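Top to bottom, those sequences are chains A and B. At the far end of the first sequence sits residue 376, using our numbering, and the numbering has no gaps. At the far end of the second sequence sits residue 956, using our numbering, and the numbering has no gaps. C-beta atoms are modelled at their ideal positions from N, C-alpha and C, and glycine is treated no differently. If you're wondering where the values come from, they're calculated on a predicted model, not measured in any experiment. Beneath this line is the structure, given in structure tokens, with notes to follow.
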Amino acid sequence: MTKRLMITLVSTLVLLCLCGMCTIGAGEIRIAVCAPITGNYSQYGLSFKNGTQLMAKLVNEAGGINGARIKMEIYDDKNEQKEGVNIAQRLVSDRGVAAVIGHFASGVCLATAPVFQRAGLVLISPTSSHPDFTKQGTYMFRNNVKEDVEGPCSAEFMIKQLKKKNIAIIYVNNDWGVTARDYFMEGVKKFGGKIVASEMFIDGQTKDFSPILTKINAAKAEIIYLAAMYTDSGMIAQQLNRLGYKIDLFGNSSIYNDMLIQLAGKAVEGTYLVASYFDEDPTPVVRNFIANYKKEYGVVPDQYAALAYDTAGLVVEALKICGPDRAKLRDALAGIKDYPGVTGNTTFDENRDAQKGVIILQIQNGKFVFHSRV
Amino acid sequence: MQVLGGNRKASLSSRASRILFGILGLVLLAVPYVGVSSYVVRMFTLTLMYISLGLSLNLLSGLAGQVSLGHAAFYGIGAYTSALLSLRLGLPFMLTCLAGGIMASLLGLLLCFPAMKLQGTYFTFVTLGFGEIVRLIILNWAKLTRGPMGLPGIPQPVILGIRIASDGAYYYLILVIAVIIYAVVSNISNSATGRALVAIREDTLVAEAMGVNVFKYKMIAFGLSTFFAGIVGAYFAHYISFIDPSNFTFDESSLILSLVVLGGMGNLKGTILAACFLIAVPEVMRGLLAYRMLIYGLILVLAMMIRPQGLLGSQKRMQVS
Numbered sequence: 003m004t005k006r007l008m009i010t011l012v013s014t015l016v017l018l019c020l021c022g023m024c025t026i027g028a029g030e031i032r033i034a035v036c037a038p039i040t041g042n043y044s045q046y047g048l049s050f051k052n053g054t055q056l057m058a059k060l061v062n063e064a065g066g067i068n069g070a071r072i073k074m075e076i077y078d079d080k081n082e083q084k085e086g087v088n089i090a091q092r093l094v095s096d097r098g099v100a101a102v103i104g105h106f107a108s109g110v111c112l113a114t115a116p117v118f119q120r121a122g123l124v125l126i127s128p129t130s131s132h133p134d135f136t137k138q139g140t141y142m143f144r145n146n147v148k149e150d151v152e153g154p155c156s157a158e159f160m161i162k163q164l165k166k167k168n169i170a171i172i173y174v175n176n177d178w179g180v181t182a183r184d185y186f187m188e189g190v191k192k193f194g195g196k197i198v199a200s201e202m203f204i205d206g207q208t209k210d211f212s213p214i215l216t217k218i219n220a221a222k223a224e225i226i227y228l229a230a231m232y233t234d235s236g237m238i239a240q241q242l243n244r245l246g247y248k249i250d251l252f253g254n255s256s257i258y259n260d261m262l263i264q265l266a267g268k269a270v271e272g273t274y275l276v277a278s279y280f281d282e283d284p285t286p287v288v289r290n291f292i293a294n295y296k297k298e299y300g301v302v303p304d305q306y307a308a309l310a311y312d313t314a315g316l317v318v319e320a321l322k323i324c325g326p327d328r329a330k331l332r333d334a335l336a337g338i339k340d341y342p343g344v345t346g347n348t349t350f351d352e353n354r355d356a357q358k359g360v361i362i363l364q365i366q367n368g369k370f371v372f373h374s375r376v
Numbered sequence: 636m637q638v639l640g641g642n643r644k645a646s647l648s649s650r651a652s653r654i655l656f657g658i659l660g661l662v663l664l665a666v667p668y669v670g671v672s673s674y675v676v677r678m679f680t681l682t683l684m685y686i687s688l689g690l691s692l693n694l695l696s697g698l699a700g701q702v703s704l705g706h707a708a709f710y711g712i713g714a715y716t717s718a719l720l721s722l723r724l725g726l727p728f729m730l731t732c733l734a735g736g737i738m739a740s741l742l743g744l745l746l747c748f749p750a751m752k753l754q755g756t757y758f759t760f761v762t763l764g765f766g767e768i769v770r771l772i773i774l775n776w777a778k779l780t781r782g783p784m785g786l787p788g789i790p791q792p793v794i795l796g797i798r799i800a801s802d803g804a805y806y807y808l809i810l811v812i813a814v815i816i817y818a819v820v821s822n823i824s825n826s827a828t829g830r831a832l833v834a835i836r837e838d839t840l841v842a843e844a845m846g847v848n849v850f851k852y853k854m855i856a857f858g859l860s861t862f863f864a865g866i867v868g869a870y871f872a873h874y875i876s877f878i879d880p881s882n883f884t885f886d887e888s889s890l891i892l893s894l895v896v897l898g899g900m901g902n903l904k905g906t907i908l909a910a911c912f913l914i915a916v917p918e919v920m921r922g923l924l925a926y927r928m929l930i931y932g933l934i935l936v937l938a939m940m941i942r943p944q945g946l947l948g949s950q951k952r953m954q955v956s
């Protein structure tokens, strides 16, 4: 019984392994997209998938890149480092892959970066914010505004425009939250503000923010800077409202999601936030993108879908210049100037970090509205 | 006559299994040389890593019956100890790896004192809590561990002047570690110590009445099991070169425990089979995306329904106290 079971199991496994290895297409340019399709962050993975595939569809409908069709291949990294490196190893061994778009979290990017760098395969992340990520090697790119732009811009706006001096921070204790906090604090120092409290919470565990909020209120803060995802920010806003403290909220671009307003309703009214993409932006690029996305998936794209869409667009732009050659693609990508994306005009600086403008939004009457451009 | 027949059968099957083991050994040695991609070598490396973790937990949970849901904590302590020692002090890998094991073992023994008196589920809860505490300490002691920023750039190990850099070299290193752990654990399970541990697992009171020093043997099981977990953790840190607290969560502990349970409590070959299965299956099904974890779960549930004692577990059903 045991022996037969073992033989069956082993032979099934071997067969499955063989099947897994023969998935090679032909006559098209393949781009891999690594995103959390399952797990805690699957909503962002879905945006990655939709955004990149929409770009591929539009490019193919317009005749492809010099006649070649492009194909986005989705890989599930579960937002885990080990899974990410597994995929990375697989992709670098597969010579048909021209470039890799991916990893939602910086932690995963940092783990896979050495693998991609060694193999000379471009990894471009639509969302990684860790300052060390693009320092890992010349093949690492990021297509989001780093916290070193967002943080000081937010601080300047608070101090210069809103005339707030006493500022508190609530940040999530992960690599992104800590980075956002550090750059924001630098900005505050530069523009003459004062940090009266800096409080952290643990991702997915802290549900009761009242001790943090009480402490912030006791420190006489006038405004709170939130370096947290929209789900946590919604809870913070509601609990602040319930406690009856009159403290303004200012959010990072991470809270730009309609779910925030659905979750927190009146409690987030008047909240300011920075963003690089705004879905009611009247410019034709954005209007086209939103119309296409809605037609394809039936929902309004969030900023992650927009970033993924632009990232795919950047890769396509580079492929048009050089074709599917890994090393040439890197050079072409690094040389891109003022790519007109839906998240602003994008240029890569010498560290391969995207440079683009940011805007300030405000929540008014249960809607995000444009406030000003910084 | 019957007895004789049985003996001959046993010796035949032991010879067959020896040949099988020989072939398996040769195959394992040849893996990096048969022209497979570095991706396949990595899958073998990861599988061996989980085999090592599973075997180390098998000593504690399978043989001694102390079900632990905090094994990732010791694995994490080993990883962080070794990474910090080599990053901050520049010590060589042999030393940091050993230190990782010893550190994990020391903290394991420290936990063992209060946890010793607890039985069954209560013990499991304590290990679960300990696992969370370790993760939170790693996350929040930012001065030492850089907290959520993780530790990037952990250097490649240098052993006796040889730099471990290629996929093949990493593979051989974990192969050596896995073989050592297998040898130690299988020797223990066939020794008086192993018998004592099984006795403790089956009935602690009876074992104590029969003169088994429960305290001593539990300490041995706990100390060795966590030592090996620490060693594997150290290996992992230098292999992946970037670690952060998200590697050492409860999910990881439960994965290691499922290797032991799926393979059959106390059965070493079962653990190996289960590790091959649980690491390979999600990889092979990568193309199925979101359905992958669904099918993975289904396979686990079916496996436990068809063979509640584990793939290679003995027919006797485990008693849950």
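| Touch check for the stretch 890-905 of chain B and the stretch 812-830 of chain B: three-plus C-beta pairs under 8 Å? | With the cut-off at 8 Å, the stretch 890-905 of chain B and the stretch 812-830 of chain B touch.
| field | chain B contact for threonine 345 of chain A (CB, 8 Å cutoff) | value | No, threonine 345 of chain A lies away from the interface with chain B (no Cβ there is under 8 Å from its Cβ).
| task | Closer than 9 Å by beta-carbon distance: list the chain A residues that pair up with aspartate 879 of chain B, in chain order. | result | In chain order, Gln83, Gly109, Leu112, Ala113, Asn176, Asp177 make up the part of chain A whose C-beta sits under 9 Å from the C-beta of aspartate 879 of chain B.
| said: Distance check for isoleucine 934 of chain B and methionine 953 of chain B, CA to CA, integer angstroms please. | reply: The predicted position of methionine 953 of chain B is uncertain, since its pLDDT is 47 and thus under 50; a value taken from the coordinates is nonetheless stated next. Distance between the alpha carbons of methionine 953 of chain B and isoleucine 934 of chain B: 21 Å.
| said: Using the three-state DSSP reduction, which class does asparagine 243 of chain A fall into: helix, strand or coil? | reply: Residue state, collapsed to three classes: helix.
| query | Which class does leucine 745 of chain B belong to by DSSP, given the choice of helix, strand or coil? | reply | In the structure shown, leucine 745 of chain B falls within a helical segment according to DSSP collapsed to helix, strand and coil.
| query | In this structure, does DSSP put asparagine 693 of chain B in helix, strand or coil? | reply | In this structure, asparagine 693 of chain B counts as helix in the three-state DSSP scheme.
| task | Please determine, among A:Ile226, A:Cys155, A:Pro133, A:Arg144, the residue with the shortest C-alpha to C-alpha distance to histidine 105 of chain A. | result | Distances from the alpha-carbon of histidine 105 of chain A to those of A:Ile226, A:Cys155, A:Pro133, A:Arg144 put A:Arg144 closest.
| Under a Cβ-count criterion, where at least 16 other Cβ atoms within 10 Å of its own Cβ denotes burial, should proline 342 of chain A be classed as buried or exposed? | Burial call: exposed.
| Residue-chain proximity (glutamine 55 of chain A, chain B), Cβ-Cβ < 8 Å | With 8 Å as the cut-off, glutamine 55 of chain A does not count as an interface residue toward chain B.
| message | Count Cβ pairs between the stretch 878-892 of chain B and the stretch 703-715 of chain B that sit closer than 8 Å; are there 3 or more? | response | In short, these stretches touch, since the Cβ pair count reaches three.
| request: Could you have a look at phenylalanine 252 of chain A and say whether DSSP puts it in helix, strand or coil? | output: DSSP places phenylalanine 252 of chain A in the strand class (E or B) of the three-state scheme.
| task | Please report the Cβ distance between tyrosine 668 of chain B and glutamine 91 of chain A, rounded to the nearest whole angstrom; I am assuming they are in contact, meaning their Cβ atoms lie under 8 Å. | result | Not really, about 18 Å apart at Cβ, beyond 8 Å.
| Which residues in chain B sit within 7 Å of arginine 328 of chain A, going by Cβ to Cβ distance? | Chain B residues near arginine 328 of chain A: none, gap ~16 Å exceeds 7 Å.
| message | I'd like to know if proline 333 of chain A contacts chain B, where contact means its C-beta is closer than 8 Å to some C-beta of that chain. | response | In the sequence as displayed, the identity of residue 333 of chain A is aspartate instead of proline. For aspartate 333 of chain A, the answer is no, since every Cβ of chain B falls outside 8 Å of its Cβ.
| field | Nearest-angstrom beta carbon gap, glutamate 30 of chain A and arginine 97 of chain A [assumed within contact, 8 Å] | value | Between glutamate 30 of chain A and arginine 97 of chain A the Cβ distance is about 14 Å, and since that is not below 8 Å, they are no contact.
| task | Excluding the 5 residues preceding and the 5 following glutamate 319 of chain A in the sequence, name in chain order all residues of the same chain whose CB lies nearer than 7 Å to its CB. | result | Ile338, Tyr341.
| query | Does the Cβ of leucine 929 of chain B have 16 or more other Cβ atoms within 10 Å, making it buried, or fewer, making it exposed? | reply | An exposed status is given to leucine 929 of chain B, since fewer than 16 other beta-carbon atoms sit within 10 Å of its beta-carbon.
| task | Kindly confirm or deny that the stretch 260-267 of chain A and the stretch 309-325 of chain A touch, where touching means at least three C-beta pairs closer than 8 Å. | result | Contact between the stretch 260-267 of chain A and the stretch 309-325 of chain A is absent: fewer than three C-beta pairs spanning the two stretches fall below 8 Å.
| field | Proximal residues, the stretch 681-704 of chain B versus chain A, C-beta separation under 9 Å | value | Going along the stretch 681-704 of chain B in chain order, one finds Leu681 with a Cβ nearer than 9 Å to chain A.
| task | Could you check if leucine 112 of chain A is buried or exposed, using at least 16 other CB atoms within 10 Å of its CB as the buried criterion? | result | Looking at its Cβ environment, which holds 16 or more other Cβ atoms inside 10 Å, leucine 112 of chain A is buried.
| Just the Cα atoms here: how many angstroms apart are serine 108 of chain A and proline 943 of chain B? | The alpha-carbon atoms of serine 108 of chain A and proline 943 of chain B are separated by roughly 40 Å.
| query | Would a check of beta-carbon distances place serine 801 of chain B closer than 8 Å to chain A? | reply | It does not; no Cβ of chain A falls within 8 Å.
| task | Residues of the stretch 49-77 of chain A with a CB closer than 7 Å to any CB of chain B: list them in chain order, please. | result | So the close ones are Ile76, Tyr77.
| request: Output yes if chain B places a C-beta closer than 8 Å to the C-beta of threonine 25 of chain A; else output no. | output: Since pLDDT at threonine 25 of chain A reaches only 41, below the 50 mark, its modelled position is unreliable, and the value read off the structure follows with that caveat. Closer than 8 Å to some Cβ of chain B, the Cβ of threonine 25 of chain A qualifies, so yes.
| So which residues of chain A does arginine 836 of chain B contact, with C-beta pairs closer than 7 Å? | What arginine 836 of chain B touches in chain A: nothing, since even the nearest Cβ is about 21 Å away.
| said: With a threshold of 8 Å, are at least 3 pairs of Cβ atoms found where one atom belongs to the stretch 199-214 of chain A and the other to the stretch 169-185 of chain A? | reply: Segments in contact, yes.
| said: Along the chain, where does the alpha helix (DSSP H) containing asparagine 52 of chain A start, and where does it finish? | reply: For asparagine 52 of chain A, the enclosing alpha helix (DSSP H) starts and ends at 44-63.
| the stretch 682-697 of chain B / the stretch 852-864 of chain B touching (three or more Cβ pairs under 8 Å) | Proximity of the stretch 682-697 of chain B to the stretch 852-864 of chain B meets the contact definition, three or more beta-carbon pairs being nearer than 8 Å.
| said: Under 8 Å, Cβ to Cβ, is there at least one residue of chain B near aspartate 134 of chain A? | reply: A Cβ of chain B is located within less than 8 Å of the beta carbon of aspartate 134 of chain A.
| field | Span separating the alpha-carbon of glutamine 305 of chain A from that of tyrosine 279 of chain A | value | Whole-angstrom Cα-Cα distance: 6 Å.
| field | Euclidean distance between Cα positions of glycine 657 of chain B and leucine 947 of chain B | value | As the crow flies, the alpha-carbon of glycine 657 of chain B is around 20 Å from that of leucine 947 of chain B.
| lysine 209 of chain A to glutamate 767 of chain B span [Cα, whole Å] | Between the alpha carbons of lysine 209 of chain A and glutamate 767 of chain B lies a distance of about 17 Å.
| Between the CA atoms of glutamine 357 of chain A and aspartate 351 of chain A - distance to the nearest angstrom | As the crow flies, the alpha-carbon of aspartate 351 of chain A is around 7 Å from that of glutamine 357 of chain A.
| task | Tell me where the beta strand (DSSP E) around valine 174 of chain A begins and ends. | result | Annotation for valine 174 of chain A: the continuous beta strand (DSSP E) segment containing it runs 168-174.
| query | Just curious, the beta strand (DSSP E) that glutamate 30 of chain A is in, first and last residue? | reply | Unbroken beta strand (DSSP E) run through glutamate 30 of chain A: 30-37.
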